[in-house]
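First up is the structure itself, then whatever we jot down about it.
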Amino acid sequence: MTIHEYEIIVRNTLKRVGFDDAEHSIDYRTCKIHDLIDQQSPDIAQAVHVNKSDEEIGAGDQGLMSGYATNETRSMMPSSFQLANKLAFNLSQARKNNSLSFLRPDGKTQITMKYHEDSTGKLYPISIDTIILSTQHDENITNEDLRDQIFHKVVLPTISTFEKEDLVNFQQDQDFINFNYEHYYSSLPQSQRNVVYKLNKELYNNIVKPASNLILPTTKILINPSGRFVIGGPKSDCGLTGRKIVCDSFGGWSQVGGGAYSGKDYSKVDRSASYLCRQITKSLVHGGYANRCTVQLGYAIGVSDPVSVDTFGVYNLQQPRGKMGITSEEQLVKLIQDSFRLKPGHIVNDLDLKRPIFERISAYGHFGRTDLGEDIFRWEQIKLI
Numbered sequence: 001m002t003i004h005e006y007e008i009i010v011r012n013t014l015k016r017v018g019f020d021d022a023e024h025s026i027d028y029r030t031c032k033i034h035d036l037i038d039q040q041s042p043d044i045a046q047a048v049h050v051n052k053s054d055e056e057i058g059a060g061d062q063g064l065m066s067g068y069a070t071n072e073t074r075s076m077m078p079s080s081f082q083l084a085n086k087l088a089f090n091l092s093q094a095r096k097n098n099s100l101s102f103l104r105p106d107g108k109t110q111i112t113m114k115y116h117e118d119s120t121g122k123l124y125p126i127s128i129d130t131i132i133l134s135t136q137h138d139e140n141i142t143n144e145d146l147r148d149q150i151f152h153k154v155v156l157p158t159i160s161t162f163e164k165e166d167l168v169n170f171q172q173d174q175d176f177i178n179f180n181y182e183h184y185y186s187s188l189p190q191s192q193r194n195v196v197y198k199l200n201k202e203l204y205n206n207i208v209k210p211a212s213n214l215i216l217p218t219t220k221i222l223i224n225p226s227g228r229f230v231i232g233g234p235k236s237d238c239g240l241t242g243r244k245i246v247c248d249s250f251g252g253w254s255q256v257g258g259g260a261y262s263g264k265d266y267s268k269v270d271r272s273a274s275y276l277c278r279q280i281t282k283s284l285v286h287g288g289y290a291n292r293c294t295v296q297l298g299y300a301i302g303v304s305d306p307v308s309v310d311t312f313g314v315y316n317l318q319q320p321r322g323k324m325g326i327t328s329e330e331q332l333v334k335l336i337q338d339s340f341r342l343k344p345g346h347i348v349n350d351l352d353l354k355r356p357i358f359e360r361i362s363a364y365g366h367f368g369r370t371d372l373g374e375d376i377f378r379w380e381q382i383k384l385i
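In the UniProt record's numbering, the protein residues as written are 1 to 385.
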C-alpha cells in the first residue's frame, strides 16, 4: 500500500466515527497524518512464520490470553458488560440517526450490577446498582435536558431490550411500594447527590418498572456526572486502542494477559488465541461442564504449542460434569487439548482469521455479538464436546 492509501483509510475512519470538528475534537479533513509504518523485524519473522507450515508457525509474541463465558445470558456474556456495550452502541446510533442531535462522537459507559451466586457458581442478576454514561455534546444543551433525553431514549430502551432478548437468569424479590425517594437520594454521598439522575414514584411506577426489572429505585444513574463534556476526542485526552483492553474483552470478568486485540493482525496470539479461548469457554458452558468459566492459554514467541493451558472459575467438579463426566481440572484441560487445535497456524485457519474483518469488529466488543452476521464471529460458534 502507498502512503496515500493509508491516509485515505485513516481519514475515512475518522469521518465514519464522526470527527468533523477541529475546535472541539478533530477534523478528518484537516488533521495531519504521519505514516510511521515499517516492515516487521526479520528476526521476528524468521522465528514466527517464514518458510513454516501451519503446523510449525509459532506465536507472534509471548503472552497470556483468556476467554470467558457464562450462562446468565443467551450471548453467554456477563450481563453488566453486555449492557455497557449495548448502551455505547445505541448512544452512537442515536447520534448517527439524529434522534439526539446534540450528541458528539466521544463517550463511554459502565454498568455495576448486583448478583446472586448459587453453590454451583451460577449467577443470577438481581439489579443494576449503578449506570454511568458520559457523552460529548453540543454547547447549547443543559445538563438536565441532556440527562432526561438520554435516560428515556437510550438508557431505558436499551436495558428493556436486553432483558427481553438476552437475559436468561434473573432473581428479584424486593418490594418498593413504600420507597422514600427523597430520603434515599439525600443519603447518597454529596458528590453523587448533585449529579445523579433522580427517579420519583410516578416515573418509576408508570415508565421504568413496566420496561425494566433490573432498574430499581435504588439504582444510581449518573449521566455526564462531570457536568460538561463539550471538548472530546484526541483534543481532550489520549485514545484507548491498546490501552483500555478490558472494554474489548469481558469487562473485568476474566483474567487479563495485557495484550490488546485491535491494531494487530492474525499472526499475533494476543488476538487469535483470545478468540479461541472464547470459543472454548462457550463450548464448555454449553456442554454442561460449568455454569461459567475462564480458560487461559500461554504462549512463547516462535513456539507453536502453548506453554500452558489453565481453567479458572469451573465450579462443582466434585460431581461429574458434561457428557465426558469431568471431575477434575486436569481432565478438563485434557478435554480442551483433545477437542481444539491450539497452535497459532491452526487457530488462524479454523477461525478463518485471514478475512478482512478486523476493522468492522474494532468497536463495541469482540465477543457476544451477532450484529454483523454470525459468520463474522467464527469464535462465537459453539463446538459440541
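In this text, a Cβ means the ideal position worked out from N, Cα and C, and glycines have one as well. Just so we're clear, the structure is a prediction, and the values are computed from it rather than from any experiment.
In terms of Cβ geometry, Y68 and T281 form a close pair [threshold 7 angstroms].
In this structure, R341 and D350 form a Cβ contact; the two beta carbons are roughly 6 angstroms apart against a cut-off of 8 angstroms.
G63 is bridged by DSSP to Y299. Taking the Cα positions, P125 is about 28 angstroms away from I385. Taking all protein chains shown into account, L372 has fewer than 16 neighbouring C-beta atoms within 10 Å of its C-beta and is therefore exposed. Per the C-alpha coordinates, the member of I221, N213, T370 and I37 positioned closest to R193 is I221.
Proximity of the stretch 150-167 to the stretch 246-254 falls short of the contact definition, fewer than three beta-carbon pairs being nearer than 8 angstroms. F151 and K96 have their alpha carbons spaced roughly 17 angstroms apart. Apart from the 5 residues on each side of it in sequence, A211 sits with its Cβ closer than 6 angstroms to the Cβ of L156 and S160 in its chain, given in chain order. For P105, the enclosing beta strand (DSSP E) covers residues L103 to E117. Note on geometry: alpha-carbon atoms of K198 and D118 lie some 33 angstroms from one another.
Going by beta carbons, D310 and Q296 fall inside the 7 angstroms limit. Here D54 has G345, H346 and N349 as same chain residues with Cβ atoms under 7 angstroms from its own Cβ, once five neighbours each way along the sequence are excluded. Fewer than three beta-carbon pairs drawn from the stretch 137-144 and the stretch 177-188 are found closer than 8 angstroms, and the two stretches are therefore not classed as touching. Residue environment: Q255 is assigned as buried (16 or more neighbouring CB atoms within 10 Å of its CB, all protein chains considered). When the Cα atoms are used, Q40 and L216 turn out to be separated by approximately 53 angstroms. Taken through DSSP and simplified to helix, strand or coil, A69 comes out as strand. In this structure, the straight-line span from the alpha carbon of E144 to that of L133 is close to 14 angstroms.
By the neighbour-count definition (other C-beta atoms within 10 Å, threshold 16), E5 is an exposed residue. Note on geometry: alpha-carbon atoms of R74 and G121 lie some 17 angstroms from one another.
For S127, the enclosing beta strand (DSSP E) has its first and last residue at L123 to H137.
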